[in-house]
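Okay, structure first, notes after.
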Amino acid sequence: MILFGCTLASTAFAADDRHFSAVIERAQQLAEETYQPPEESLPQALRNINYDTYRQIRFDPEHAYWQDESPFSLQLFHSGFIFQTPITLNVIENDSATPLPFLADNYSYDGNAAKLKEQDLTGSGHAGFRLHYPLNSDEYNDEFAVFLGASYFRIVGRGQAYGLSTRGLAIDTASPNGEEFPAFREFWMYKPDADADADADADQFELLALMDSPSVSGAYRFILTPGDNTQVEIEAELFAREDIAKLGVAPLTSMFTYGEASRERPDDFRPQVHDSDGLLMHTGSDEWIWRPLSNPAQVRTSAFIDEAPHGFGLMQRERDFNHYLDTEAHYHRRPSQWVEPLSDWGPGHVELVEIPTPDETHDNIVAYWVADDTLDTGESRRLHYRTFTLNSQPEEHALGRAIRTRHGSAAGPGQTDSSASEQRQFIVDFQGGALADITADQPVELDISTQQGEALLPQATALPNGGWRASFRLPDSGQPSDVRLRLTLNGKPVSETWNYVWYPDE
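Reading the sequence shown from the start, the letters are residues 17 to 522 in this note's numbering.
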């Protein structure tokens, strides 16, 4: 077969790495050539359909690939609507790769989409695909991974509902000149083993992808393992076609509209609306840092300097239905997702971008790693990391965790004329981890610092539920205040570091 101009033999390969090596070779060739946008091959009938019509095109589950041969099965997404550039799909079986053709018979066309059956849909191709597996029961193949749009993909574990998204790369996010969105142009999926045990956690699905964009091309290998915490191991070889000012590695994209600490919220019966409520980091110096998310009045970019990080993730820490009351979106089931380097990422920073959003229909949170070593024209870079879903915290996190962030006027009832009315009262409640073994009579102290001004009346207080509360006030300085605090016992941290930036004008 022909792999984007790079010939791959149809006969057996010596090893699976031969396929990946061929994709790497093609990515390198692409980077040495002038960028060519993908050809517009979409039939005219599909170019202008709206969202409602697109939703009426559905893949027929009875046509799912491999469903009678393996615990894994494959379903496809139709092109059209915002998916104007079809991707190419291939299946690797017995060491040979065969294109997976577009078949209109795989889909049902209902309602307004029914008229598409009368059109010539040759060249439609595929917009993306989703993978199924008996995740929650042996009787049903649940969707656990989807690859759809640019370099986006999403995963869920057992009992979880789709929330945040992952991307292959983020380039120049929140930059003045605009963001570039690399896209996976072609995939190769290894046909799953028919002898795989559907109950074994070791079941894995492997696929390869070719990425291209004006600045970079790349070859990716994904090894997906569905389970309680669905995991994806990722290897990538990147080749720069142009200098890249900001290369965002392992980007996670999520939504935060409002939460418990939000001052402004819509007229809505739901107490909270978000896919993630905080950024958690495990630094190279073994510090755990928690940053609650916000929906700011203007774009906010925060950089957390680090070297050789152990990991980071966007977390949905609040998992109680009573804090959302949403029976449709199921925000209490949205997964947290962790990124763990499997190689030394060196010096750089985790970058958090928070974008204003009027409602939950827009993803407005992005987090990724940016290395100090930029990727310039003609250079290459290898990436190796894993990302996985969570319902709680990474196993290595043994410290007390911030479970609540609240703030309000420091003035008490009837004290509107006092000096305290110009101060902001904060409480941060910690629970679990090392705090579970600390009794209320032990000398827990509050270690607190601010980059601007001074925190007033800082104190640590034991709570009746076995947790601990950190409280402090901020004076009305008119300037943002960047606060860091943690609980310590005998000089050693017993909680993660809570970091928050207070903007008095928001």
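Ideal placement from N, C-alpha and C gives every residue a C-beta, glycine not left out.
Contact between A235 and F36 holds, with the beta-carbon distance rounding to 7 Å and staying under 8 Å. Shown here for L472: same chain residues with a beta carbon closer than 6 Å to its own, the five before and five after excluded, namely R489 in chain order. Where D158 is concerned, the enclosing beta strand (DSSP E) starts and stops at Y156 to L164. Setting aside the 5 residues that flank it on each side, D188 is surrounded in the same chain by G194, E195, E196, I260, A261 and K262, each with a C-beta closer than 8 Å to its C-beta; the list follows chain order. Taking the CA atoms as reference points, G494 sits about 15 Å from T466. Partner residues in a beta bridge of A427, as assigned by DSSP, do not exist.
A residue is called buried once 16 or more other Cβ atoms fall within 10 Å of its Cβ, and G507, having fewer, is exposed. Distances from the CA of G173 to each of A478, F160, D498 and G179 were compared; the closest alpha carbon is that of F160. Secondary structure of A61 (DSSP, three-state): helix. When only Cα atoms are considered, G483 and E461 end up about 14 Å apart. For D457, the three-state secondary structure derived from DSSP is coil. Only residues of its own chain outside the window of five on either side were considered, and among them T104 and L226 have a CB closer than 6 Å to the CB of E202, listed in chain order. Comparing alpha-carbon positions, the option among P242, F255, V248 and F99 lying closest to T50 turns out to be F255. Sequence-distant Cβ neighbours of N481 in its own chain, meaning closer than 8 Å and more than five residues away, are Q447. Taking C-alpha positions only, S435 is separated from A427 by approximately 8 Å. Beta-bridge partners assigned by DSSP to P509: T504. V499 and R34 have their alpha carbons spaced roughly 51 Å apart. Nearest to T273 by alpha-carbon distance, out of N128, G364 and P312, is P312.
The three-state secondary structure of A450, taken from DSSP, is helix. Here the alpha carbons of P351 and M331 stand approximately 7 Å from one another. The DSSP-derived three-state label of P325 is coil. Taking F285 as the centre and dropping the five residues before and after it, the same chain places the C-beta of L341 closer than 7 Å to its C-beta, in chain order. Ranked by how close their Cα comes to the Cα of G329, the residues S112, P363 and D293 have D293 in first place. Separation of R398 and I454 (C-alpha to C-alpha, rounded to the nearest whole angstrom) is 44 Å. With a 10 Å radius around the Cβ and a threshold of 16 neighbouring Cβ atoms, E134 comes out exposed.
The region 160-171 makes no contact with the region 117-133, as fewer than three CB pairs between them are under 8 Å. For Q44, the enclosing alpha helix (DSSP H) begins and ends at D33 to A47. In this structure, the beta-carbon distance from T403 to Q353 falls below 8 Å. For L92 and N157, the gap between their C-alpha atoms comes out near 15 Å. The three-state secondary structure of F285, taken from DSSP, is coil.
Of A113, E376 and F145, the smallest CA-CA separation from A38 is found for A113. Beta-bridge analysis with DSSP links N515 to R500. Just so you know, the alpha carbons of S301 and P363 end up roughly 12 Å apart. By DSSP's assignment, V444 forms a beta bridge with T421 and A486.
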